[in-house]
Each structure stands twice: as C-alpha cells, then as structure tokens.
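Enquirer:
2 protein chains.
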Amino acid sequence: MDATSRGGGADGGPVALTGLAAYLELAAFGLLAGRSVDAPDLVTRQALASAAGRVLGRQERLLAVAATRGVDATAAMTPFDGVLADFDARTEPDSWSEGLLKGVVGHGVAQDLCRELTRGLPADEAAELRRAVDDGWPEEADGPATVVLAQAAEQDPVLASRLALWGRRVVGEALGLVPALLAAHPVLAGLAAAARRADAAETGETVGEPVGDEAAEVRSWLISRLTAEHTRRMDRMGLAA
Amino acid sequence: MDATSRGGGADGGPVALTGLAAYLELAAFGLLAGRSVDAPDLVTRQALASAAGRVLGRQERLLAVAATRGVDATAAMTPFDGVLADFDARTEPDSWSEGLLKGVVGHGVAQDLCRELTRGLPADEAAELRRAVDDGWPEEADGPATVVLAQAAEQDPVLASRLALWGRRVVGEALGLVPALLAAHPVLAGLAAAARRADAAETGETVGEPVGDEAAEVRSWLISRLTAEHTRRMDRMGLAA
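Chains as they are written, first to last, in my numbering: chain A, 97 to 337; chain B, 97 to 337.
#1: Taking DSSP as the reference, what is the three-state secondary structure of E250(B)?
#2: State the Cα-Cα distance for the pair A285(B) and A117(B), rounded to the nearest angstrom.
#3: Does A336(A) come out as helix, strand or coil in the three-state DSSP assignment?
#4: Which residue marks the beginning of the alpha helix (DSSP H) containing V109(A), and which one marks its end?
#5: Does any residue of chain B have a CB that is nearer than 8 Å to the CB of M173(A)?
#6: Measure from the alpha carbon of D177(B) to the alpha carbon of each residue in L277(B), M330(B), A324(B), D309(B), then state which is nearest.
#7: Could you round the C-beta distance between A129(B) and A129(A) to whole angstroms and report it? I think they count as a contact, below 8 Å.
#8: Please go through the same chain and pick out, in chain order, the residues whose beta-carbon is closer than 6 Å to the beta-carbon of R102(A), but skip the five residues on each side of it.
#9: Output needed for L144(B): all residues of its chain with C-beta closer than 7 Å, excluding positions within five of it in sequence on either side, in chain order.
#10: What three-state label does DSSP hand G103(B) in the structure shown?
#11: By alpha-carbon positions, which one of D220(B), G202(B), D184(B), L113(B) ends up nearest to A169(B)?
#12: Go ahead and label E301(A) buried or exposed: buried means 16 or more other beta carbons lie within 10 angstroms of its beta carbon, across all protein chains shown.
#13: Using C-beta distances below 8 Å, list every residue in its chain close to L273(A), excluding the 5 sequence neighbours before and after it, in chain order.
#14: Considering only the beta carbon of each residue, do L159(A) and A171(A) sit closer than 8 Å?
#15: Looking at the C-beta of T164(A), does it have a partner C-beta in chain B at a distance below 8 Å?
#16: Are the segment 315 to 322 of chain B and the segment 188 to 201 of chain B touching, with three or more C-beta to C-beta distances below 8 Å?
#17: Could you check the C-alpha separation between G263(B) and E250(A) for me, to the nearest Å?
#18: What residue from A312(B), R165(B), A290(B) has the CA that sits closest to E212(B)'s CA?
#19: Using alpha carbons as the reference points, say which of L255(A), Q142(A), V267(A), T187(A) lies closest to A324(A).
#20: List the endpoints of the continuous alpha helix (DSSP H) containing R227(B).
#21: Would you call the CB atoms of L122(B) and C210(B) closer than 8 Å?
#22: Please state the DSSP three-state secondary structure of E325(A).
#23: Going by Cα to Cα distance, which pick from S191(A), L138(A), V167(A), V205(A) is closest to G109(A)?
#24: Spatial neighbours of W192(B) within its chain, please: CB distance less than 8 Å, with the 5 preceding and 5 following residues excluded, ordered by chain position.
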C-alpha cells in the first residue's frame with residue numbers, strides 16, 4: 097500500500113507527514129502507557145495514563161485528517177512501520193525513569209520534527225495538519241511526565257546526572273534517525289527542503305551556496321532546530337542537555 | 097486517606113464504588129495498552145491502543161463523578177490500590193493472546209461486578225454513577241480486543257482450545273477476588289446485599305432463608321451473575337467458557 101502516492105495533494109507530502117506523525121504518536125502512547133503500568137505509585141500511574149490518553153487523542157485527530165483525504169489509518173502509517181526499531185534497540189532503558197525520559201525525549205523530537213516539516217507544506221495544505229501537529233505543543237501531553245522527571249531529578253542529584261547522560265544518548269539516537277528517514281522518504285526530504293526555505297524567508301536569512309549538497313545543508317539546519325528544542329525541553333526538567 | 101468515609105452519601109457506598117470502578121478501569125487500560133505495544137501488526141496495535149484510550153475515557157468520567165462528590169482521583173482509588181496483585185501473580189500469561197484474553201476477561205468481570213453493585217445504590221445516588229459504569233457496556237471498549245481474539249480462535253482450533261482453558265483459569269482467579277474484596281470493604285458488601293434484594297424484587301423471586309449466613313448467599317448470587325456474563329462473553333469470542 098503506497099499511501100504517499102494518493103489522496104495527498106500534488107506530491108503526497110501531507111499524507112506522508114500525517115502518517116509519520118500518527119505513527120510517532122502511537123509509539124509515544126506506548127512508551128507513556130508502559131511507564132504508567134509500572135509506575136512507582138498510584139498518583140504517577142494515573143498521571144501517565146492520562147498523558148498517554150492525551151497523546152492517543154492527538155494521534156486519532158491526525159488519523160481523522162488522513163481520513164478526510166481518503167486514506168485509512170493503517171495505510172497512512174504503514175510506510176513508517178518499524179522506523180523506530182533501531183532506535184528502540186539502541187535505547188533499552190535500565191530503569192523506570194530512564195524509560196520515562198526516553199518517552200519524553202523521543203516524543204519531543206518526533207513532535208518537533210513533524211512541526212518543522214509542516215512548514216514545508218503549501219499554505220493551503222498546511223493549516224489543518226499544522227493544527228493537529230501543533231495541538232498542545234510543547235507541553236500539554238507530556239506535561240505530567242516532565243513534572244515527574246523534574247521532581248525526581250530535583251530530589252536526587254545522582255539520578256539527575258544519570259538522566260542527563262541518558263537524555264544525551266536518547267536524543268543522539270533520535271536525531272540519528274532523521275537523515276535515514278529523509279533518505280528513505282523523498283517526499284519528506286522535499287518537505288524539509290521547503291521548510292528550510294520558508295524558515296530562511298521568515299528570518300530574512302540569506303541561505304548561501306551550501307558547502308556540500310543542498311540535502312546536507314537542509315539536514316544540518318533541521319538537526320540544529322531539533323537540538324535547540326531538545327535543550328529547552330531538558331532545561332524545563334532541570335536536566336543538563 | 098479513608099475515601100470511603102467522606103463525601104459519599106450516607107454510608108460512602110457511591111464513593112467506594114466509584115473508586116473501585118476507576119481503579120479497575122485503570123488496570124484494564126494497562127492490560128490493553130500493553131498488548132497494543134507488543135501487538136503482532138500495525139492494525140492490531142492501533143485497534144488496541146484505541147480500545148485502551150476508550151477504557152481510559154470511561155475511567156476519567158468515573159473520576160469526574162468522584163470529583164463532583166469532592167473526592168480526588170487518588171483518594172477514591174487508594175483503598176483499592178494493589179487489590180489485583182494476587183490476581184496478576186496467578187495469571188501470568190504465556191503468550192500475547194493469553195495476555196489479551198486476560199485483559200478482556202478480567203475487565204469484563206470487573207465491569208460486571210461494578211454494574212451489579214450499582215443496583216444496590218439508593219435510586220437518587222445511582223443514576224450518574226450507573227451511567228458512567230454502564231457506558232458502552234458490554235462491548236464498546238473491549239470490542240476490538242474481542243474481535244482480534246475471535247478471529248485468532250476461528251483460524252486456529254488448537255489456539256482456541258488453549259484460550260478456552262486459559263479463560264477458565266483467568267475467570268476463576270478473578271471471581272476468587274470477589275469474596276476477599278467484599279470482606280475487606282464492608283461498604284461494598286452492603287451494596288452487594290442491597291443489589292441482591294433489588295434483583296429479587298425485580299424478578300419477583302422470593303429469597304428464602306439462606307442456607308448459610310446472608311453474606312454467603314449474596315456472594316453466591318453475585319458469583320452466579322458474573323459467571324453468566326462471562327459465559328456470554330466467551331461465546332461472543334467463539335471460546336468455550
């Protein structure tokens with residue numbers, strides 16, 4: 097099923113991006129729900145269940161956007177099924193808090209990536225999808241998880257520095273997925289390039305001749321955007337980025 | 097925190113029942129979400145995530161009912177925290193489908209128990225809570241899980257008979273919790289006795305002198321109600337009860 101080739105505007109960008117965003121939200125749901133199940137106390141268990149529920153709500157709104165384009169849920173997500181397998185294998189947490197931070201960092205990068213890519217959509221295609229992707233950004237859904245982690249880090253400096261290290265490892269692996277994802281899905285690489293141009297136009301920046309190829313320049317720009325948001329996210333939890 | 101002793105009408109019954117129902121829904125959320133995470137394919141993963149989300153939605157409506165009585169979420173559920181520990185220890189699944197069936201059977205018994213107990217509430221207390229407990233009963237939330245299990249059983253008679261055996265084990269352990277739960281929470285035992293009287297009044301049955309004590313007669317009645325619903329549930333999945 098090639099969901100990127102139908103029902104998605106001129107080049108399938110909106111459908112591919114909707115499918116990617118929905119798949120990544122489904123993964124985030126799993127990470128948060130899993131840490132609800134083995135949470136250390138009932139308050140945390142409830143808070144993370146509710147957070148997982150809100151993430152799923154976002155995901156279902158994204159799938160509803162796909163449905164308005166005549167694409168069913170599974171068809172939209174199928175091209176991305178398994179895209180996190182390497183990431184998961186390389187970020188096997190050693191503790192409950194590492195598992196939770198993996199969820200927050202991974203979901204954060206995923207949301208930021210999708211937000212950046214929406215900037216590459218033609219304006220008439222972008223509004224609905226951007227609303228679904230931006231919904232509650234950056235805090236709403238992960239809010240309870242970041243509060244739990246911030247409190248744990250504040251009470252235990254040793255844990256805080258272990259989590260800071262762990263956060264670096266997780267974000268490194270997450271960012272490492274981005275080039276592979278763009279290479280495997282040219283339609284997303286096209287959105288990234290368009291987003292890069294839109295960003296330059298907004299900020300009045302002149303994008304000079306790239307040192308390497310244009311794709312490499314776009315990747316560097318995207319990674320730097322995602323890194324900056326990651327730093328802010330770690331700051332909000334009181335963890336060194 | 098003794099949530100059963102405040103804000104809950106004359107004897108705390110509505111608050112205790114709300115807390116119990118919310119706690120059991122939270123447990124069901126965890127079982128369904130967990131089987132979404134390790135689902136064999138994307139369609140099933142999505143279906144079980146959505147099912148878990150709907151279970152959580154029910155749970156949050158129950159907590160909202162508790163909130164209208166001035167009881168916070170954790171306070172309402174705290175008296176029941178850990179009530180499933182023995183059940184979980186005795187029903188460690190050996191496979192993904194056993195885990196899913198555990199969720200469906202366990203959640204089914206939990207919902208049926210809460211529905212029966214609402215019949216013991218005074219009419220003026222019962223309406224709102226009964227609406228929250230009955231919401232979508234019996235199929236809505238677990239629907240996708242029962243469809244998955246019914247299809248698996250239909251395609252594989254060996255699996256079907258293994259699941260039938262497993263379902264008997266799970267329901268046995270679930271029903272085994274009921275007497276302990278009523279003994280530990282006299283307010284719930286009071287609701288069960290009132291529900292028994294309401295049932296007799298509705299069916300025109302004359303409840304004779306019980307053979308043993310009244311509590312034992314009430315327990316037998318309750319277990320027989322839960323067993324009957326379990327049989328219907330297994331039938332819907334094409335599994336021998």
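Heads up, the beta-carbon is just placed ideally off N, CA and C, and yes, glycines get one too.
Expert: Let me spell this out:
#1: In the second sequence, residue 250(B) corresponds to position 154, counting from 1. In the structure shown, E250(B) sits in a helix (DSSP, three-state: H, G or I).
#2: Here residue 285(B) is taken as the residue at index 189 of the second sequence, counted from 1. Here residue 117(B) is taken as the residue at index 21 of the second sequence, counted from 1. Distance between the alpha carbons of A285(B) and A117(B): 15 Å.
#3: The residue given as residue 336(A) occupies position 240 in the first sequence. Coil at A336(A), not helix or strand.
#4: Position 13 of the first sequence, counted from the first residue, corresponds to residue 109(A). Looking at the sequence itself, residue 109(A) is Gly, so the reference to Val does not match. 109 to 133 is the span of the alpha helix (DSSP H), which, as asked, contains G109(A).
#5: Numbered from its first residue, the first sequence carries residue 173(A) at position 77. Answer yes: the Cβ-Cβ gap between M173(A) and chain B drops below 8 Å somewhere.
#6: Working through the second sequence from its first residue, we reach residue 177(B) at position 81. Comparing Cα positions, the closest option is L277(B).
#7: Indexing the second sequence from 1 puts residue 129(B) at position 33. Indexing the first sequence from 1 puts residue 129(A) at position 33. Indeed, because the Cβ distance is near 4 Å, the residues count as touching under 8 Å.
#8: By one-based count along the first sequence, residue 102(A) stands at place 6. Low per-residue confidence applies at R102(A): pLDDT is 40, beneath 50, and the placement is therefore not dependable, though the value from the model is reported in the following sentence. Contacts found: none.
#9: Looking up residue 144(B) in the second sequence gives position 48. Cβ within range, chain order: L128, R131, S132, A135, P240, A241.
#10: For the purposes of this step, residue 103(B) is identified with residue 7 of the second sequence, where counting begins at 1. In this prediction, G103(B) scores a pLDDT of 38, lower than 50, which makes its location untrustworthy; the coordinate-derived value is nonetheless stated afterwards. Coil.
#11: Locating residue 169(B) in the second sequence gives position 73, where the first residue counts as 1. It is L113(B).
#12: Here residue 301(A) is taken as the residue at index 205 of the first sequence, counted from 1. With fewer than 16 other Cβ atoms within 10 Å, it is exposed.
#13: For this step, residue 273(A) is matched to residue 177 along the first sequence. Cβ within range, chain order: V179, L180, D182, F183.
#14: Along the first sequence, one-based indexing puts residue 159(A) at 63. Along the first sequence, one-based indexing puts residue 171(A) at 75. It is not a contact, given that the beta carbons lie outside the stated cut-off.
#15: Residue mapping note: residue 164(A) aligns to position 68 of the first sequence, counting from 1. No, T164(A) lies away from the interface with chain B (no Cβ there is under 8 Å from its Cβ).
#16: no
#17: What you label residue 263(B) is simply residue 167 of the second sequence in a count that begins at 1. What you label residue 250(A) is simply residue 154 of the first sequence in a count that begins at 1. Rounded to the nearest angstrom, the two C-alpha atoms are 46 Å apart.
#18: Taking the second sequence and counting its residues from 1, one reaches residue 212(B) at position 116. Ranking the options by Cα distance to E212(B), first place goes to A290(B).
#19: To locate residue 324(A), count along the first sequence from 1; it is residue 228. That would be V267(A), whose Cα lies nearest to the Cα of A324(A).
#20: As a position in the second sequence, residue 227(B) is number 131, starting the count at 1. Taken as a continuous stretch (DSSP letters only), the alpha helix (DSSP H) holding R227(B) covers 219 to 230.
#21: Reading the second sequence from its first residue, position 26 is the one you call residue 122(B). Reading the second sequence from its first residue, position 114 is the one you call residue 210(B). No, the Cβ-Cβ distance between L122(B) and C210(B) is not below 8 Å.
#22: Stepping through the first sequence from its first residue, residue 325(A) is reached at position 229. It is helical.
#23: As a position in the first sequence, residue 109(A) is number 13, starting the count at 1. Closest by alpha carbon: V167(A).
#24: Here residue 192(B) refers to the residue found at position 96 when the second sequence is read from its first residue. Contacts found: R131, D134, A135, P136.
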